[in-house]
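For reference, the structure discussed in these notes is given below.
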Amino acid sequence: MAAPQEFDPDLAISHKYPDTSHSYTERDAALYALGIGVCASNAVDSDDLKYVYHENGQNHIEVLPTYAAILAQKSFEGGINIPGLEYDRRLLLHGQQYIELYKPFPSSCNVQNKVCLAGLHDKGKAAILEYETKTYDKETGDLLCMNRMTVYLRGAGGFSKSSKPFSYSNYPTNQVSTVKIPESKPFSVFEDHTRPSQALLYRLSGDYNPLHSDPLFAKVAGFSQPILHGLCTLGFAVRAVIKCICKGDADIIKGISGRFLLHVYPGETLVTEMWLQGLRVIYRTKVKERNQAVLSGYVDLRGLTSSL
Ligand SMILES: CCCCCCCCCCCCC/C=C/C(=O)SCCNC(=O)CCNC(=O)[C@H](O)C(C)(C)COP(=O)(O)OP(=O)(O)OC[C@H]1O[C@@H](n2cnc3c(N)ncnc32)[C@H](O)[C@@H]1OP(=O)(O)O
Numbered sequence: 001m002a003a004p005q006e007f008d009p010d011l012a013i014s015h016k017y018p019d020t021s022h023s024y025t026e027r028d029a030a031l032y033a034l035g036i037g038v039c040a041s042n043a044v045d046s047d048d049l050k051y052v053y054h055e056n057g058q059n060h061i062e063v064l065p066t067y068a069a070i071l072a073q074k075s076f077e078g079g080i081n082i083p084g085l086e087y088d089r090r091l092l093l094h095g096q097q098y099i100e101l102y103k104p105f106p107s108s109c110n111v112q113n114k115v116c117l118a119g120l121h122d123k124g125k126a127a128i129l130e131y132e133t134k135t136y137d138k139e140t141g142d143l144l145c146m147n148r149m150t151v152y153l154r155g156a157g158g159f160s161k162s163s164k165p166f167s168y169s170n171y172p173t174n175q176v177s178t179v180k181i182p183e184s185k186p187f188s189v190f191e192d193h194t195r196p197s198q199a200l201l202y203r204l205s206g207d208y209n210p211l212h213s214d215p216l217f218a219k220v221a222g223f224s225q226p227i228l229h230g231l232c233t234l235g236f237a238v239r240a241v242i243k244c245i246c247k248g249d250a251d252i253i254k255g256i257s258g259r260f261l262l263h264v265y266p267g268e269t270l271v272t273e274m275w276l277q278g279l280r281v282i283y284r285t286k287v288k289e290r291n292q293a294v295l296s297g298y299v300d301l302r303g304l305t306s307s308l
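In UniProt numbering, the protein residues as written are 1 to 308.
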């Protein structure tokens with residue numbers, strides 16, 4: 001058997017990832033919307049219906065801003081590959097997601113992704129990888145969105161060659177996803193229910209990691225049952241912001257950031273608290289049954305709706 005390759009973080013950073021292309025249709029966008037709870041408790045909700053149905057003669061269905069993360073994840077369908085880094089794929093967790101939105105998404109589109117490794121950190125007990133993906137409309141060449149996905153690889157740290165832990169990032173520190181939760185009463189609170197089958201529905205949008213569907217795999221990964229995709233929880237949280245702060249107008253969202261603090265089990269109730277600070281909405285999502293915070297972050301707006 002060949003000896004494991006020694007991991008060289010500098011080599012990993014300089015590794016070039018190939019561009020990838022894919023297309024999506026209205027059906028993909030609607031399936032995604034259903035996967036993050038759209039219309040689940042009210043099939044005629046006026047804020048929700050436009051994401052799954054051509055209401056009132058609407059020509060196209062609308063695409064939710066968090067669909068940006070699905071566009072980026074398509075580049076990782078073969079799994080995460082970082083040259084020379086050995087890791088147990090069962091111990092991989094989604095740590096953070098950062099999204100910049102430049103244009104509303106067409107209801108169907110051919111897109112091209114350009115990917116690079118934007119960050120790599122040795123946390124001793126874990127390695128943290130940050131992948132930046134820029135997604136372009138292939139026909140017009142327009143940049144639609146940028147995602148930075150943070151992957152937390154339990155058990156894969158300890159690769160630093162000096163006593164100072166290896167840490168590299170190619171972006172400004174003010175874009176990190178940790179937020180200070182205000183001590184004041186939230187501006188708005190929204191409660192929503194995930195279903196026991198939520199992850200089984202959500203995975204059809206492209207993340208087929210068995211952590212979210214296979215009981216045995218989930219146990220080996222350290223969970224009593226399959227857990228919800230982090231991006232599904234993020235989708236629920238941003239829907240709460242769209243409903244309570246944007247008054248249904250998702251086009252006013254220009255940026256989204258979230259840090260996954262704890263796993264969610266499908267079927268649990270999500271309570272999202274929101275605080276308005278200028279054009280930034282700070283949010284925190286808790287699982288009601290366990291009274292534990294599972295996600296926190298912010299949503300940046302282009303402006304406020306006049307009804308607020
Ligand atoms: C494998 C095949 C896949 C194929 C599928 C195709 C797609 C592939 C690409 C997609 C990749 C995403 C896959 C999606 C997976 C999921 O959705 S998993 C579910 C969502 N995520 C979670 O449920 C994780 C919830 N969070 C936690 O459980 C914990 O926060 C943690 C991540 C385990 C960390 O906890 P802990 O080990 O106790 O950390 P600490 O001791 O507090 O901190 C250590 C350092 O790490 C930093 N850190 C902590 N948490 C995070 C985080 N969430 N994100 C980023 N960084 C984090 C922390 O700051 C510490 O650093 P220092 O401060 O420098 O010490």
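Glycine included, each C-beta is placed from N, C-alpha and C at the ideal position. A quick note: this is a predicted structure, and the numbers were derived from the prediction, not measured.
Let's see if you can read the secondary structure: which residues bound the beta strand (DSSP E) around Y265? Taking the first residue of the sequence shown as 1, we reach residue 265 at position 265. Looking at the DSSP string, Y265 is not in any beta strand (DSSP E), and its letter there is neither H nor E.
Using CA coordinates, which residue listed in K103, T269, Y53, D48 is at the minimum distance from R195? Residue mapping note: residue 195 aligns to position 195 of the sequence shown, counting from 1. Checking every option, the nearest Cα to that of R195 belongs to T269.
Residues in the same chain with beta-carbon distance under 7 Å from D19, minus the five sequence neighbours each way, listed in chain order, please. On the sequence shown, residue 19 is found 19 positions in, with the first residue counted as 1. Same-chain partners within the cutoff: Q112, N113, K114.
Could you have a look at A118 and say whether DSSP puts it in helix, strand or coil? On the sequence shown, position 118 is the one that residue 118 refers to. Here A118 sits in strand by DSSP.
Evaluate G79 with the Cβ neighbour count: other Cβ atoms within 10 Å of its Cβ, from every protein chain shown; 16 or more gives buried, anything less gives exposed. Sequence index remark: in the sequence shown, residue 79 carries index 79 (1-based). A residue is called buried when at least 16 other Cβ atoms come within 10 angstroms of its Cβ; G79 does not meet this threshold and is exposed.
Restricting to Cα atoms, I'd like to know which of V287, G267, A237, N170 is closest to L200. Locating residue 200 in the sequence shown gives position 200, counting from the first residue. Relative to the Cα of L200, the nearest Cα in the group V287, G267, A237, N170 belongs to G267.
Contact defined as beta carbons within less than 8 Å: I believe T66 pairs with G235. What is the distance between those atoms, to the nearest angstrom? Here residue 66 refers to the residue found at position 66 when the sequence shown is read from its first residue. Here residue 235 refers to the residue found at position 235 when the sequence shown is read from its first residue. In this structure, T66 and G235 form a Cβ contact; the two beta carbons are roughly 5 Å apart against a cut-off of 8 Å.
Are there 16 or more other CB atoms within 10 angstroms of the CB of I227, so buried, or fewer, so exposed? What you label residue 227 is simply residue 227 of the sequence shown in a count that begins at 1. Taking all protein chains shown into account, I227 has 16 or more neighbouring C-beta atoms within 10 Å of its C-beta and is therefore buried.
Among residues of its own chain, excluding the 5 on either side of V189, which ones have a beta-carbon nearer than 6 Å to its beta-carbon? Locating residue 189 in the sequence shown gives position 189, where the first residue counts as 1. Closer than 6 Å at Cβ, skipping near neighbours: E273.
With DSSP as the reference, label E55 as helix, strand or coil. As a working mapping, residue 55 is identified with position 55 in the sequence shown. When secondary structure is reduced to three states using DSSP, E55 falls in the helix class.
Using 8 Å for Cβ pairs, my map puts I245 next to V281. What's the rounded Cβ distance? What you label residue 245 is simply residue 245 of the sequence shown in a count that begins at 1. What you label residue 281 is simply residue 281 of the sequence shown in a count that begins at 1. Your pair I245 and V281 checks out as a contact, with CB atoms roughly 5 Å apart and the cut at 8 Å.
Which of the three DSSP states, helix, strand or coil, is assigned to D142? The residue you call residue 142 lines up with position 142 of the sequence shown. Coil.
Measuring CA to CA, which of G119, F105, E100, K125 is closest to K134? In the sequence shown, the residue the question calls residue 134 occupies position 134. Among G119, F105, E100, K125, the Cα nearest to that of K134 belongs to E100.
For K247, which residues from the same chain have a beta carbon less than 6 Å from its beta carbon, with the 5 sequence-adjacent residues on both sides left out? Residue mapping note: residue 247 aligns to position 247 of the sequence shown, counting from 1. Taken in chain order, the residues that qualify are T305, S307.
Candidates A40, L301, C109, S21, of which the one nearest D77 by Cα: Here residue 77 corresponds to residue number 77 of the sequence shown, with the count starting at 1. Per the sequence shown, the amino acid found at residue 77 is Glu instead of Asp. Nearest neighbour of E77 by Cα position, chosen from A40, L301, C109, S21, turns out to be S21.
Give the C-beta separation of V220 and V299 to the nearest angstrom, bearing in mind that I take them to be a contact with Cβ-Cβ under 8 Å. For the purposes of this step, residue 220 is identified with residue 220 of the sequence shown, where counting begins at 1. For the purposes of this step, residue 299 is identified with residue 299 of the sequence shown, where counting begins at 1. Not quite, the Cβ-Cβ distance comes to about 35 Å (not below 8 Å), so this is no contact.
In angstroms with no decimal places, state the Cα-to-Cα distance between K125 and S169. Translated into positions along the sequence shown, residue 125 becomes position 125. Translated into positions along the sequence shown, residue 169 becomes position 169. Roughly 19 Å between the two C-alpha positions.
Can you tell me which residues form a DSSP beta bridge with L295? As a working note, residue 295 is residue 295 in the sequence shown. DSSP output for L295 lists F260, T285 as bridge partner(s).
Alpha carbon to alpha carbon, how far is N147 from A69? For the purposes of this step, residue 147 is taken as the residue at position 147 of the sequence shown. For the purposes of this step, residue 69 is taken as the residue at position 69 of the sequence shown. Their Cα atoms are separated by approximately 6 Å.
What residue does the alpha helix (DSSP H) around F190 start on, and which one ends it? For this step, residue 190 is matched to residue 190 along the sequence shown. Run containing F190: none in the alpha helix (DSSP H); it sits in the beta strand (DSSP E), 188-193.
What is the DSSP secondary structure of L304, reduced to helix, strand or coil? In the sequence shown, counting from the first residue as 1, residue 304 sits at position 304. In the structure shown, L304 sits in coil (DSSP, three-state: anything other than H, G, I, E or B).
Just the Cα atoms here: how many angstroms apart are H94 and Q292? Position 94 of the sequence shown, counted from the start, is the residue given in the question as residue 94. Position 292 of the sequence shown, counted from the start, is the residue given in the question as residue 292. C-alpha separation (whole angstroms): 18 Å.
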